[in-house]
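Q:
Protein chains: 2
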Amino acid sequence: MSPQQKLEALRTQMRAQNVQALFIPRADEYMGEYVLHHNERLRFATGFTGSAGMAIITLDSAAIFVDGRYTVQVRQQLSADLFEFYDLDNQQQLMFLAKSLKQGDKVAIDANCHSLTWVNNTNASLQILGIELAALPNNLIDAIWQDRPQPSQLPTFTFSNESAGATSIEKRQLIAAEINKHDADALLITELDAISWLLNLRSLNIPCLPVVIGRALLYANGDMVFATNTALLEDDVSAHVGSGVRFIEEADFNKEFAALNGKTMLADANISHAASQLAALDAGIELINATDPTALIKAQKNPTELAGMRQAHIKDGIAVTHFLAWLDEEVAAGNFYDEGVLADKLKRFREVQPGFKDLSFDTISAVGGNAAMCHYNHKDTTPAVMPDNSIYLVDSGGQYLEGTTDVTRTIAIGQPSSEHIKMVTLVLKGHIALDQQKFPRGTCGAQLDVLARQHLWNQGFDYDHGTGHGVGHMLSVHEGPQRIAKNTNSVPLLPGMVVSNEPGYYKADDFGIRIENLIAVREMDNDFERPMLGFEALTLIPIDKRLIDKTLLNENEINWLNSYHLQVQQTLMPQIMDKNVQLWLAQATSEL
Amino acid sequence: MSPQQKLEALRTQMRAQNVQALFIPRADEYMGEYVLHHNERLRFATGFTGSAGMAIITLDSAAIFVDGRYTVQVRQQLSADLFEFYDLDNQQQLMFLAKSLKQGDKVAIDANCHSLTWVNNTNASLQILGIELAALPNNLIDAIWQDRPQPSQLPTFTFSNESAGATSIEKRQLIAAEINKHDADALLITELDAISWLLNLRSLNIPCLPVVIGRALLYANGDMVFATNTALLEDDVSAHVGSGVRFIEEADFNKEFAALNGKTMLADANISHAASQLAALDAGIELINATDPTALIKAQKNPTELAGMRQAHIKDGIAVTHFLAWLDEEVAAGNFYDEGVLADKLKRFREVQPGFKDLSFDTISAVGGNAAMCHYNHKDTTPAVMPDNSIYLVDSGGQYLEGTTDVTRTIAIGQPSSEHIKMVTLVLKGHIALDQQKFPRGTCGAQLDVLARQHLWNQGFDYDHGTGHGVGHMLSVHEGPQRIAKNTNSVPLLPGMVVSNEPGYYKADDFGIRIENLIAVREMDNDFERPMLGFEALTLIPIDKRLIDKTLLNENEINWLNSYHLQVQQTLMPQIMDKNVQLWLAQATSEL
Chain A
109 MSPQQKLEAL RTQMRAQNVQ ALFIPRADEY MGEYVLHHNE RLRFATGFTG
159 SAGMAIITLD SAAIFVDGRY TVQVRQQLSA DLFEFYDLDN QQQLMFLAKS
209 LKQGDKVAID ANCHSLTWVN NTNASLQILG IELAALPNNL IDAIWQDRPQ
259 PSQLPTFTFS NESAGATSIE KRQLIAAEIN KHDADALLIT ELDAISWLLN
309 LRSLNIPCLP VVIGRALLYA NGDMVFATNT ALLEDDVSAH VGSGVRFIEE
359 ADFNKEFAAL NGKTMLADAN ISHAASQLAA LDAGIELINA TDPTALIKAQ
409 KNPTELAGMR QAHIKDGIAV THFLAWLDEE VAAGNFYDEG VLADKLKRFR
459 EVQPGFKDLS FDTISAVGGN AAMCHYNHKD TTPAVMPDNS IYLVDSGGQY
509 LEGTTDVTRT IAIGQPSSEH IKMVTLVLKG HIALDQQKFP RGTCGAQLDV
559 LARQHLWNQG FDYDHGTGHG VGHMLSVHEG PQRIAKNTNS VPLLPGMVVS
609 NEPGYYKADD FGIRIENLIA VREMDNDFER PMLGFEALTL IPIDKRLIDK
659 TLLNENEINW LNSYHLQVQQ TLMPQIMDKN VQLWLAQATS EL
Chain B
109 MSPQQKLEAL RTQMRAQNVQ ALFIPRADEY MGEYVLHHNE RLRFATGFTG
159 SAGMAIITLD SAAIFVDGRY TVQVRQQLSA DLFEFYDLDN QQQLMFLAKS
209 LKQGDKVAID ANCHSLTWVN NTNASLQILG IELAALPNNL IDAIWQDRPQ
259 PSQLPTFTFS NESAGATSIE KRQLIAAEIN KHDADALLIT ELDAISWLLN
309 LRSLNIPCLP VVIGRALLYA NGDMVFATNT ALLEDDVSAH VGSGVRFIEE
359 ADFNKEFAAL NGKTMLADAN ISHAASQLAA LDAGIELINA TDPTALIKAQ
409 KNPTELAGMR QAHIKDGIAV THFLAWLDEE VAAGNFYDEG VLADKLKRFR
459 EVQPGFKDLS FDTISAVGGN AAMCHYNHKD TTPAVMPDNS IYLVDSGGQY
509 LEGTTDVTRT IAIGQPSSEH IKMVTLVLKG HIALDQQKFP RGTCGAQLDV
559 LARQHLWNQG FDYDHGTGHG VGHMLSVHEG PQRIAKNTNS VPLLPGMVVS
609 NEPGYYKADD FGIRIENLIA VREMDNDFER PMLGFEALTL IPIDKRLIDK
659 TLLNENEINW LNSYHLQVQQ TLMPQIMDKN VQLWLAQATS EL
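As given, the protein sequences belong to chains A and B, one line each in that order. All you need for the numbering used here is the position in the first sequence, starting with 1, plus 108. All you need for the numbering used here is the position in the second sequence, starting with 1, plus 108.
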């Protein structure tokens with residue numbers, strides 16, 4: 109079907125349902141960063157491939173709403189004859205509806221693809237115009253999507269208690285205690301990583317995100333209902349999760365609410381899809397809008413998870429070290445590859461590591477000006493070949509059975525310029541300052557963010573992204589609730605949390621720099637007047653000394669780098685068998 | 109009257125009014141940091157002299173609620189036979205009422221002494237118990253206060269347009285534009301410094317706070333009604349404020365609301381006393397709860413105000429330099445004075461500066477362990493004599509016609525210990541880091557706070573107060589809305605704002621350290637990729653080098669100190685006539 113045919117087919121559906129408009133968000137019922145391939149309805153309906161956006165179709169017009177990252181791309185992918193273009197902004201969506209519809213009209217939604225908060229707020233605004241949201245029982249896009257892909261149906265497998273550090277029963281009791289603190293009877297859990305963590309189960313159906321798929325209800329006694337494709341459960345799953353877990357089909361989930369009539373259920377109205385919450389309300393359940401307590405407890409890795417994270421980072425260090433040694437050798441031999449070849453080569457070094465299951469996100473392999481685009485993906489375009497005398501940015505990570513990694517290194521290709529070296533050094537100074545900072549309990553990431561930016565700011569530079577995101581344990585590489593960024597975030601950094609430390613600098617159309625380690629929050633054991641927390645660097649990969657101007661570092665910073673490199677060398681060297689790679693590692697980690 | 113007699117007299121009043129309890133806050137109708145002497149009702153009724161607190165009197169019990177600073181003091185000042193002691197916390201107050209009262213009871217308040225938000229929230233909670241707040245027309249304490257002090261009746265005088273940098277008409281037009289942005293008809297202004305700034309008027313009725321006293325209404329056309337004791341207005345006031353200002357008596361203020369029937373009025377429900385807002389509601393005015401826009405505009409000093417602040421700091425620098433030179437000479441001669449003598453001596457050096465009007469706050473003059481108490485005032489106790497081989501903390505400031513100052517220096521008395529020197533140096537490193545930091549527009553103080561703490565945190569130390577508060581222009585030495593502190597504050601630092609930079613360290617019962625300059629936010633004129641803001645130090649007073657361990661400073665920090673001291677020397681020296689003081693200043697500002 110052509111784009112125009114799709115719109116007309118949707119309008120035929122809309123007329124049949126007697127609705128005058130239709131919201132198409134880029135979201136599915138799991139409301140996560142990843143949308144399952146067979147749920148990419150915005151992409152199917154409009155042709156827009158960005159990772160965030162909304163379309164509104166009316167009977168005689170259509171509009172698409174995207175954020176600043178996609179304003180150019182959306183105009184390339186969609187015809188201005190068919191779509192009006194707006195910012196991804198609730199108010200602009202409401203204004204578009206206000207000008208397109210009249211009193212008494214209805215706007216269709218699939219309540220599985222919107223949060224309850226969004227539904228309530230949008231309803232309240234549209235009511236002022238006499239317009240009504242209509243949650244349809246079926247998704248109108250699915251009705252016209254003839255060649256819709258099949259869902260991935262890989263098995264749901266056990267994640268060992270030895271890796272997890274706690275059994276599912278133990279974890280469910282922990283969260284049940286939180287449910288009881290709210291005097292609630294149950295907790296709606298729609299975040300896939302929360303369910304996976306609670307049940308110690310994983311699957312590989314979503315690229316880079318080894319979560320199980322479904323929705324769940326945890327009762328105040330620790331029992332749990334997991335609604336999923338039960339045909340995919342491996343045989344040992346039931347015994348592994350322990351007593352108290354029922355597995356049902358997703359289509360049967362809402363039937364569970366009947367037994368909770370007159371009781372209370374915790375649900376995060378901002379995060380969870382509206383459909384289950386609306387069904388619960390229909391069943392006479394009182395909703396308590398609260399953050400899913402699983403997130404904060406999951407974020408504080410237990411000692412076993414932390415040990416696994418360290419182990420995963422050693423494997424990752426070996427893989428990336430082999431890649432960097434290979435890269436230097438190729439460049440020295442005059443072999444310059446394109447970004448895709450480099451990303452594939454790096455992937456192959458990771459794949460041979462035992463326990464490797466997947467990448468943790470699409471590798472960002474970017475040369476020259478491509479590296480200045482923070483969301484660049486060489487797969488979206490013709491991969492560029494690295495020029496000589498430039499810098500190469502590679503941001504990549506793996507999902508290992510022991511844990512998840514995420515690292516960025518910026519690498520000299522030939523002779524970097526003095527500007528490259530100055531800017532890498534300023535970025536490194538910020539990275540070191542954050543890594544070294546100790547701080548009292550109660551400190552939030554937003555308070556520490558400036559440490560990574562201070563040297564850039566003092567010379568008139570900045571970077572337009574956060575400094576650090578949380579990272580899961582063989583789960584999402586972007587995990588809340590903590591973060592380190594300019595924006596206020598009231599979640600304190602707590603022992604066991606893993607965050608990235610990734611300051612950068614980007615010169616449009618020229619080059620991009622980022623230096624990223626994962627760091628774990630830990631209690632300092634110094635004999636201090638006041639107890640302090642601090643960080644432990646998990647990532648063990650050399651930082652390219654050819655891009656560092658030693659004269660811009662103070663003694664403390666030089667000591668940090670030398671001691672970091674010594675640790676990298678001592679940890680990785682015994683596990684590297686290739687003589688050339690050994691030699692490369694020795695010089696890459698020698699004293700500055 | 110004895111404390112018990114006062115309570116019984118109040119209970120007689122309460123019975124006559126048919127109320128079963130009475131709130132006595134430490135506040136008056138101006139709801140500011142300072143409570144006018146004749147409005148110190150909590151102190152009169154209970155004997156508690158702290159700067160924050162609440163009492164609740166019932167017919168057969170009484171309770172006092174104070175914060176952590178006063179838990180010891182309150183038990184010394186009040187008898188446990190008469191009062192129960194609680195934390196200064198709304199919930200504890202409600203719990204006390206819940207246990208003391210029964211359904212149908214009434215709790216008296218003077219709505220002039222509580223914010224509307226407090227009244228509404230307290231009402232909502234008490235209603236659940238069937239208890240009612242009763243806003244009485246007269247304050248019950250006043251009815252029994254026979255020897256109540258007379259209000260200070262010093263004149264209200266003009267603050268020259270040359271000092272203010274803008275006429276009252278210009279300022280009122282600025283704020284009227286903000287009123288119009290809210291589609292409102294008027295703005296209730298109860299903050300005394302806002303009224304003083306808008307009218308370019310001052311008075312000296314409140315110690316250290318040269319504001320006029322009254323309440324005001326600013327209309328959307330820029331006209332203004334100022335309700336005050338009109339007998340105190342100097343003859344030239346009316347011409348000075350320009351057209352559109354009416355002066356009325358405070359008692360007549362609420363009559364103004366009648367003309368606004370059916371119109372809307374901006375008022376800050378969190379800040380302004382409830383009485384005027386309740387009267388406005390009674391008069392059929394719709395209230396819009398919003399921050400008084402005057403605060404943010406006033407906080408961004410205009411070029412004339414900034415020039416005045418610089419001038420005031422030169423005068424202050426001369427005064428404090430004379431004091432520090434004198435102090436060193438006395439200590440060298442073996443003369444050790446008490447904290448009160450030192451504070452008085454310092455005041456005399458300030459008083460001789462032309463344009464000096466008042467101190468900007470009670471001088472904190474503290475030796476030894478006294479300096480570890482952040483709210484120490486030698487007037488509350490027997491002033492201590494400085495011991496030899498110790499450090500002396502002096503936090504002081506002046507109100508000059510050109511502007512307001514606030515400075516803290518920590519001074520070596522004899523031979524300080526290595527611990528003193530180490531801790532002063534760590535504090536200084538934080539002070540320097542904050543002073544030097546550049547930052548993009550939109551940055552809030554909470555983001556920069558860590559810079560002042562980083563070196564302390566890294567060695568296990570911290571200080572339990574904010575790093576910086578805003579400062580007014582010949583107005584309050586504590587001025588919002590910006591601040592630099594751990595707590596989130598969403599007001600960005602903007603050019604022209606003046607804040608303090610005052611990291612410290614306190615070792616209980618031993619010593620206290622603070623190094624405070626005032627700094628002004630300014631646009632950096634560097635040729636930067638991104639425009640940055642930065643700070644300009646206003647305070648020009650030597651930092652005691654005897655307390656600095658040079659080996660703990662990096663080159664950049666040493667350069668900062670030397671260049672700061674050079675600026676102090678070059679600015680102050682030409683204005684110092686006393687040879688001995690010149691010699692002292694030369695050595696105090698010589699290179700480290």
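C-beta atoms are modelled at their ideal positions from N, C-alpha and C, and glycine is treated no differently.
Could you give the C-beta distance for Lys546(B) and Leu646(B), rounded to a whole number, given that I count them as a contact under 8 Å?
A: Rounded, the Cβ-Cβ distance is 17 Å, inconsistent with contact.
Q: Below 7 Å on C-beta distance, what does Val558(B) contact in chain A?
A: Gln555, Leu556, Val558 and Leu559
Q: In chain order, which continuous runs of the beta strand (DSSP E) of length 3 or greater are located wholly inside the stretch 395-475 of chain A?
A: As for any beta strand (DSSP E) of minimum length 3 sitting wholly inside the stretch 395-475 of chain A, the runs are 464-467 and 472-475, ordered along the chain.
Q: Note down, in chain order, every chain A residue with its Cβ under 7 Å from the Cβ of Gly568(B).
A: Scanning chain A for C-beta atoms nearer than 7 Å to the C-beta of Gly568(B) yields Asn634, Phe636, Glu637, Arg638 and Met640, reported in chain order.
Q: So that I know if they touch, is there some Cβ in chain A lying closer than 8 Å to that of Lys759(B)?
A: Residue 759(B) lies beyond the stretch modelled for chain B, which goes from 109 to 700, so this question has no answer here.
Q: Using a Cβ-Cβ cutoff of 7 Å, what residues of the stretch 656-670 of chain B are near chain A? List them in chain order.
A: Asn662
Q: Residues of chain B with CB under 9 Å from Thr489(A), in chain order?
A: Result: empty, since nearest Cβ-Cβ is about 27 Å, beyond 9 Å.
Q: Cβ atoms of Ala171(A) and Tyr194(A): under 8 Å apart, would you say?
A: yes
Q: Can you tell me the Cβ-Cβ gap for His430(A) and Leu648(A), rounded? I've got them flagged as a contact below 8 Å.
A: The Cβ separation is near 13 Å, so there is no contact.
Q: Would you grab the beta carbon distance between Ser380(B) and Leu296(B) for me? Rounded to a whole angstrom, and I think it's under 8 Å.
A: 6 Å
Q: Which residues in chain A have a C-beta closer than 7 Å to the C-beta of Phe547(B)? List them in chain order.
A: Trp565
Q: Are Asn362(B) and Asp376(B) closer than 8 Å when you measure CB to CB?
A: In this structure, Asp376(B) does not lie closer than 8 Å to Asn362(B) by Cβ.
Q: The stretch 582-594 of chain B: which residues have C-beta closer than 7 Å to a C-beta of chain A, in chain order?
A: Lys594
Q: Are the CB atoms of Asn313(B) and Ser260(B) nearer to each other than 8 Å?
A: yes
Q: Can you tell me whether Asp618(A) is helix, strand or coil according to DSSP?
A: coil
Q: According to the neighbour-count rule (16 or more other Cβ atoms, all chains shown, within 10 Å of its Cβ), is Lys207(A) buried or exposed?
A: By the Cβ neighbour-count rule, Lys207(A) is exposed, with fewer than 16 other Cβ atoms within 10 Å of its own.
Q: At a cut of 8 Å, does the stretch 134-150 of chain B reach the stretch 229-240 of chain B through at least three beta carbon pairs?
A: no
Q: What does Gln199(A) reach in chain B if we use C-beta pairs closer than 9 Å?
A: By Cβ distance, chain B contributes nothing, its closest Cβ being about 18 Å from Gln199(A), past 9 Å.
Q: Does the stretch 558-575 of chain A come within contact of the stretch 489-497 of chain A, defined as at least 3 CB pairs closer than 8 Å?
A: no
Q: Which residues in the same chain have their Cβ closer than 7 Å to the Cβ of Arg418(B), if we skip the five residues on either side of it in sequence?
A: The residues are Leu646.
Q: Going by DSSP, name the residue or residues bridged to Phe547(A).
A: As computed with DSSP, Phe547(A) is found in a beta bridge with Leu641(A).
Q: Chain A beta carbons: is any one of them nearer than 8 Å to that of Thr399(B)?
A: Chain A contact via Cβ: absent.
Q: Considering Ile249(A), what are the terminal residues of the beta strand (DSSP E) in which it resides?
A: Counting along the chain, Ile249(A) falls outside any beta strand (DSSP E), though it belongs to the alpha helix (DSSP H) covering Leu248 to Ile252.
Q: Quick check: is the beta carbon of Thr596(B) nearer than 8 Å to any beta carbon in chain A?
A: yes
Q: Roughly how many angstroms separate the alpha carbons of Leu660(B) and Ala696(B), rounded to a whole number?
A: The C-alpha of Ala696(B) is placed about 19 Å away from the C-alpha of Leu660(B).
Q: Tell me, which residues are paired with Gln507(B) by DSSP?
A: Asp466(B) and Thr512(B)
Q: My parser needs the alpha helix (DSSP H) runs of 4 or more residues fully inside the stretch 351-375 of chain A; what are they?
A: none
Q: Between Leu700(A), Gln555(A), Ala243(A) and Lys687(A), which has its C-alpha nearest Ser671(A)'s C-alpha?
A: Leu700(A)
Q: Could you pull the start and end residues of the alpha helix (DSSP H) that Phe193(A) belongs to?
A: First-last for Phe193(A): Glu192 to Asp195, but that is the beta strand (DSSP E), not the alpha helix (DSSP H).
Q: Would you give the residue range spanned by the beta strand (DSSP E) that Gln590(A) belongs to?
A: Glu587 to Ile592
Q: If we call anything under 8 Å between Cβ atoms a contact, is Thr575(B) one with Asp557(B)?
A: Going by C-beta atoms, Thr575(B) is nearer than 8 Å to Asp557(B).
Q: Can you give me the C-alpha to C-alpha distance between Arg123(B) and Ala324(A), rounded to a whole angstrom?
A: 60 Å
Q: In chain A, which residues lie less than 7 Å from Gln695(B) when you measure between Cβ atoms?
A: Neighbours of Gln695(B) on chain A: none; closest Cβ ~29 Å, over 7 Å.
Q: Could you spell out the range, first to last residue, of the alpha helix (DSSP H) harbouring Glu116(B)?
A: Pro111 to Gln125
Q: Can you tell which of Gln461(A), Phe444(A), Pro462(A) and Gly506(A) has the C-alpha that lies nearest to the C-alpha of Ile472(A)?
A: Gly506(A)
Q: Would Leu559(A) pass as a contact of Ser504(A) if the rule is Cβ separation under 8 Å?
A: no
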